[in-house]
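Chains as they are written, first to last, in full-length UniProt numbering: chain H, 1 to 200; chain F, 1 to 200.
Some notes on the structure that comes next.
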């Protein structure tokens, strides 16, 4: 552990690398993208628990802690949706600098918006996880009843119904929740993190 | 360490308390307020190094990483200054939930703005550190040449010259950099954190 060393600071500051040393793991944003009902949130919750059990430091950003706090002054216009993702990207970047794995679970349907977040980060610090599932599967799950409302025309511009979802072209990880169980999806991501040296 | 335990999760999520257990310390925002040149940034840098040496997880928010990132679309109008502090407060809150001590070093001259951040946090999670120094002292230091410009009228609305600074009424900690050395100031804050049980 770093605190047992006699560090000579030379006017420097605590860096990301110092934090990695203290934590004994690296840091990155794990960006879940996929349709409503694809399983982004569920997988991110389970992944966070698995990482915690392995002594890994994380934080999960989702609608609950972002839309009611940092982004409570944003609506759902195209500009506000873009600003929503931009702020989430900037906060993710700060948390990665702070030594955490940031688990961001948002539909984030547009390739351009996701790539802007990727551009914010250093190489290897943006892990795009495509949570793939057919619209039919997501609609059959419909955990929040949103597809039903979208089909009834009560919600306009719903991703997958009357607004596009742009799937990642070359994501770091794909999990197919039509086929894979929750446990298999989590294991796929953990294996990636270990194979790439993010975790000891 | 928590990872050695066999945790039964029961559908719960990783909480702030879990993170405190893993890190072996609590979390809070340490909010430095004071005039330009009072020593906020210098003290926060030194405090962060001292905490790191003790194995404590932190992150420092300052103009460099906030104004060029999350808040790059904000200017210096009264509304934008207020939104600047609001977003910093919301990010601080997320980082405290993530188990970190967030060291925020901004002039933050208005009591109301600081109190709004305090209100965001749980009891005991907002540690206001008043970095006290006379205008005369700060002006004699003038590390960025800003007082000179303000006196020459080249900068308008400069805190302490032609804009007010509202000192905290009941801050958790006061350091007086007219009197205390950098080391003494850092020690004062570390002692507070230990006395109040934030650190083991």
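Glycine is no exception: its CB is placed at the ideal position from the N, C-alpha and C atoms.
### Task
Can you tell me which of H:92, H:34, H:166 and H:126 puts its alpha carbon nearest to the alpha carbon of residue 69 of chain F?
H:92
### Query
Going straight from the alpha carbon of residue 176 of chain F to that of residue 56 of chain H, what length do you get?
39 Å
### Message
Tell me which residues share the same chain as residue 183 of chain H and place their Cβ nearer than 7 Å to its Cβ, disregarding the 5 neighbours each side in the sequence.
### Response
none
### Query
Would you report the Cα separation of residue 110 of chain F and residue 156 of chain F, rounded to the nearest angstrom?
17 Å
### Inter-residue spacing [alpha-carbon to alpha-carbon] between residue 2 of chain H and residue 191 of chain F
Legend: pLDDT at residue 2 of chain H = 39, less than 50; position of this residue unreliable, value from coordinates given subsequently. Distance between the alpha carbons of residue 2 of chain H and residue 191 of chain F: 22 Å.
### Message
In whole angstroms, give me the CA-to-CA distance for residue 46 of chain F and residue 36 of chain H.
### Response
45 Å
### Burial state of residue 161 of chain F, where buried means 16 or more other Cβ atoms lie within 10 Å
buried
### Local conformation of residue 198 of chain H per DSSP, three classes
coil
### Range of the contiguous alpha helix (DSSP H) that encloses residue 92 of chain F
78 to 97
### Message
Tell me the DSSP secondary structure of residue 127 of chain F in three-state form.
### Response
strand
### Query
Is it a yes or a no for the region 14 to 33 of chain F touching the region 115 to 133 of chain F, going by three-plus beta-carbon pairs under 8 Å?
yes
### Task
Mind listing the chain F neighbours of residue 198 of chain H? Cutoff is C-beta to C-beta under 8 Å, in chain order.
Correct list: empty, because the minimum Cβ distance to chain F is about 16 Å.
### Query
Should residue 95 of chain F be flagged as near chain H, meaning a C-beta pair shorter than 9 Å?
yes
### Query
Straight-line CA distance for residue 200 of chain H to residue 24 of chain H?
7 Å
### Task
Have a look at the DSSP bridge pairing and note the partners of residue 101 of chain F.
F:58
### Task
Anything in chain F within Cβ reach of residue 70 of chain H, meaning under 7 Å, just list it in chain order.
87, 90 and 91
### Query
For residue 163 of chain F, which residues of its own chain have a beta-carbon under 6 Å away from its beta-carbon, when the five flanking residues on both sides are left out?
157
### Message
With H, G and I counted as helix, E and B as strand and the rest as coil, what does DSSP make of residue 132 of chain H?
### Response
strand
### Message
Would residue 73 of chain F pass as an interface residue toward chain H - the criterion being a Cβ-Cβ separation below 9 Å?
### Response
yes
### Query
What's the call for residue 67 of chain H, buried or exposed, on a 16-neighbour Cβ count within 10 Å?
exposed
### Message
Which residues in chain H have a C-beta closer than 7 Å to the C-beta of residue 190 of chain F? List them in chain order.
### Response
What residue 190 of chain F touches in chain H: nothing, since even the nearest Cβ is about 14 Å away.
### Task
Could you tell me if residue 113 of chain H is buried or exposed, where buried requires 16 or more neighbouring beta carbons within 10 angstroms of its beta carbon?
buried
### Query
Going by alpha carbons, who is nearest to residue 62 of chain F out of H:21, H:39, H:13 and H:32?
H:13
### Query
Where does residue 178 of chain F sit, in a helix, a strand or coil, going by DSSP?
coil
### Task
Reducing DSSP to helix, strand and coil, say where residue 169 of chain H ends up.
coil
### Message
At the 9 Å Cβ level, is residue 55 of chain F part of the contact set with chain H, yes or no?
### Response
yes
### Task
Identify the continuous beta strand (DSSP E) that holds residue 33 of chain F and give its terminal residues.
29 to 33
#### Entry: Endpoints, alpha helix (DSSP H) assigned at residue 47 of chain H
40 to 53
### Message
Between residue 71 of chain H and residue 84 of chain H, how many whole angstroms is the CB-CB distance? I'm expecting something under 8 Å.
### Response
5 Å
### Query
Should residue 15 of chain F be labelled buried (16 or more other beta-carbon atoms within 10 Å of its own) or exposed?
exposed
### Message
Using the Cβ count rule (16 or more neighbours within 10 Å means buried), how would you classify residue 181 of chain F?
### Response
exposed
### Query
Going by beta carbon distance, what residues of the same chain come within less than 8 Å of residue 148 of chain F, once the five residues before and after it are set aside?
142
### Message
Could you check whether residue 32 of chain F and residue 205 of chain F sit closer than 9 Å to each other, using their CB atoms as the reference points?
### Response
With chain F represented from 1 up to 200, any question about residue 205 of chain F goes unanswered, as that position is not in the structure.
### Query
Taking just the CA atoms, how far does residue 60 of chain F sit from residue 103 of chain F?
5 Å
### Task
Identify which residue in F:178, F:54 and F:159 has its Cα closest to the Cα of residue 194 of chain F.
F:54
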